[in-house]
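Numbering (the numbering used here), first residue to last: -12 to 234. In this text, a Cβ means the ideal position worked out from N, Cα and C, and glycines have one as well. Here the structure is laid out as structure tokens; the discussion comes afterwards.
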Ligand code: UDP
């Protein structure tokens, strides 16, 4: 079956890109120079968007929506428009850091708890020699704090901005500040900085390969169960959509 360039899952556009293509698109954004919003869509995003039309609009207007998570791969297959690859937030951040070290792109890390972005910066710089983290700032996703963060970021002349305020706050933050951010790639990265800083542990490779990373996360952060209830509801909505399609 020919792959579609974009897949629509419960009304949200997901771009059907591999890691390589995602990186190539972001390099085009950097060459273009204008600010772009990049997101990593997972089933929780799509469920949030079902009850938050503003978030749905932000996602559908984003310049690139990466398919993050096994749940999306399953849903896309169910809906007859398979995704080629799962592109996770943490892995794309690592690939971006590697690319930035090679090309000399400057990266700014915004968000996460106090000290986490700075720890993630040190880890990335030691893992990818030559990488320049242009700045880090925990800040806050609250509107009155925007000016201060934007001013700090503007001064650094960064090429990439990674925002860790969790969805939908990080996407809303980028969306409302995009016109005054002279940063070509602005991406919401969720818990990626926590993983890179070693604050949360990633599942072993074999668990990831089985598509069970969510189960590992639940075991280590049991308070997530309430949020994860979105997953079975997501599955039900996808199955309902599929039976509608086939009717
Ligand atoms: N976060 C923050 N300020 C807030 C809310 C969240 O800095 O007001 C950070 C939090 O510390 C974490 C990230 O946002 O680093 C998002 O974490 P979460 O695990 O919710 O993201 P996920 O990967 O599940 O989307």
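Quiz item: Can you name the residues that DSSP bridges to residue 119?
Solution: Looking up residue 119 in the chain shown gives position 132. Residue 119 is bridged by DSSP to 93.
Self-check item: residue 170 and residue 22 closer than 8 Å at C-beta
Solution: For this step, residue 170 is matched to residue 183 along the chain shown. For this step, residue 22 is matched to residue 35 along the chain shown. Between residue 170 and residue 22, the gap from beta carbon to beta carbon is short of 8 Å.
Quiz item: Among 87, 190, 96 and 156, which has the Cα closest to the Cα of residue 36?
Solution: Translated into positions along the chain shown, residue 36 becomes position 49. Of the listed residues, the one whose Cα sits closest to residue 36 is 156.
Exercise. Go through its chain and collect everything with a Cβ distance to residue 49's Cβ below 6 Å, but skip five positions before and after it.
Key: To locate residue 49, count along the chain shown from 1; it is residue 62. If we look at residue 49 and ignore the five residues flanking it on each side, its Cβ neighbours are 24 and 26.
Self-check item: Span of the alpha helix (DSSP H) around residue 156
Solution: In the chain shown, counting from the first residue as 1, residue 156 sits at position 169. Counting along the chain, the alpha helix (DSSP H) containing residue 156 begins and ends at 156 to 164.
Quiz item: Should residue 193 go down as buried or exposed, given a rule of 16 or more other Cβ atoms within 10 Å for buried?
Solution: Counted from its first residue, the chain shown places residue 193 at position 206. Taking all protein chains shown into account, residue 193 has fewer than 16 neighbouring C-beta atoms within 10 Å of its C-beta and is therefore exposed.
Quiz item: Is the Cβ-Cβ distance between residue 100 and residue 125 less than 8 Å?
Solution: Position 113 of the chain shown, counted from the first residue, corresponds to residue 100. Position 138 of the chain shown, counted from the first residue, corresponds to residue 125. Judged by their CB atoms, residue 100 and residue 125 are nearer to each other than the 8 Å cut-off.
Quiz item: Under 8 Å between the Cβ atoms of residue 217 and residue 180?
Solution: Looking up residue 217 in the chain shown gives position 230. Looking up residue 180 in the chain shown gives position 193. Not in contact: residue 217 and residue 180 (Cβ atoms no closer than 8 Å).
Self-check item: residue 207 burial status per 10 Å Cβ neighbour count (16 or more: buried)
Solution: Here residue 207 refers to the residue found at position 220 when the chain shown is read from its first residue. With fewer than 16 other Cβ atoms from the protein chains shown falling within 10 Å of its own Cβ, residue 207 counts as exposed.
Self-check item: Span of the alpha helix (DSSP H), counted from its first residue to its last, around residue 203
Solution: Numbered from 1 along the chain shown, position 216 holds the residue referred to as residue 203. Here the alpha helix (DSSP H) through residue 203 covers 200 to 207.
Quiz item: Who pairs with residue 54 in a beta bridge, going by DSSP?
Solution: Here the question's residue 54 lines up with position 67 in the chain shown. Answer is 28, bridged to residue 54.
Exercise. Answer yes or no: the CB of residue 156 versus the heavy atoms of ligand 1, is any distance below 7 Å?
Key: Here residue 156 refers to the residue found at position 169 when the chain shown is read from its first residue. Yes, since a heavy atom of ligand 1 falls inside the 7 Å radius drawn around the Cβ of residue 156.
Practice problem: Compute the distance between the beta-carbons of residue 132 and residue 42, then report whether it is under 8 Å. | Solution: Residue numbering aside, residue 132 sits at position 145 when the chain shown is read from its first letter. Residue numbering aside, residue 42 sits at position 55 when the chain shown is read from its first letter. Cβ atoms of residue 132 and residue 42: not closer than 8 Å.
Exercise. Report the rounded CA-to-CA distance for residue 163 versus residue 134, giving the unit in angstroms.
Key: In the chain shown, residue 163 corresponds to position 176, counting from 1. In the chain shown, residue 134 corresponds to position 147, counting from 1. Rounded to whole angstroms, residue 163 and residue 134 show a C-alpha spacing of 11 Å.
Practice problem: Could you tell me whether any non-hydrogen atom of ligand 3 is closer than 7 Å to the CB of residue 180? | Solution: As for ligand 3, it is missing from this structure, which binds only ligand 1.
Self-check item: First through last residue of the alpha helix (DSSP H) which encompasses residue 103
Solution: Sequence index remark: in the chain shown, residue 103 carries index 116 (1-based). First-last of the alpha helix (DSSP H) with residue 103: 103 to 114.
Practice problem: Would you tell me roughly how many angstroms separate the C-alpha atoms of residue 96 and residue 117, rounded to the nearest one? | Solution: Numbered from its first residue, the chain shown carries residue 96 at position 109. Numbered from its first residue, the chain shown carries residue 117 at position 130. When rounded, the distance between both Cα atoms is 17 Å.
Quiz item: In terms of residue numbering, what span does the beta strand (DSSP E) encompassing residue 2 cover?
Solution: As a working mapping, residue 2 is identified with position 15 in the chain shown. Its beta strand (DSSP E) spans residues -1 to 2.
Self-check item: beta-carbon residue 103 near ligand 1 non-hydrogen atom, thresh 7 Å
Solution: Taking the first residue of the chain shown as 1, we reach residue 103 at position 116. Yes, the Cβ of residue 103 comes within 7 Å of a heavy atom of ligand 1.
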